[in-house]
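Here this note's numbering is used: the first residue of the sequence shown is 46, the next is one more, and so on.
The beta carbon of each residue, even a glycine, is placed where N, CA and C say it ideally should be.
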Amino acid sequence: MSAMQIVADKARCEGLGMCESMANDYFEVDEDEELVTVLDANPPEADRAHVFAAVQACPVLALTLEG
Ligand code: SF4
Numbered sequence: 046m047s048a049m050q051i052v053a054d055k056a057r058c059e060g061l062g063m064c065e066s067m068a069n070d071y072f073e074v075d076e077d078e079e080l081v082t083v084l085d086a087n088p089p090e091a092d093r094a095h096v097f098a099a100v101q102a103c104p105v106l107a108l109t110l111e112g
């Protein structure tokens with residue numbers, strides 16, 4: 046079983062904050078820089094649905110979940 050990895054395309058991110066509002070334990074948005082920081086790029090399997098919902102919430106498709 047491969048580990049999950051959150052990948053954020055910072056060139057796409059517009060700092061809209063949907064990911065943070067869905068999962069503020071994994072995403073933090075700097076509103077001045079309009080840029081997301083991934084707090085933990087390798088979530089445990091138990092958090093897959095929680096993280097995936099946040100990844101899917103990004104309106105500019107800047108987030109992907111690999112693995
Ligand atoms: S939802 Fe997308 S655009 Fe908004 S802060 Fe998160 S990664 Fe960036």
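Contact check for Cys-58 against Leu-80 passes: the beta carbons are separated by less than 9 Å.
Straight-line spacing of the CA atoms in Asp-77 and Ala-68 works out to 20 Å. With a cutoff of 8 Å, Arg-93 does not count as near the ligand SF4, since its C-beta is closer than that to no heavy atom of the ligand.
The Cβ atoms of Phe-97 and Leu-84 lie no closer than 9 Å to each other.
Val-100 sits away from Leu-61, with the two beta carbons spaced by 9 Å or more. In the displayed model, Asp-85 falls within coil according to three-state DSSP, outside both helix and strand.
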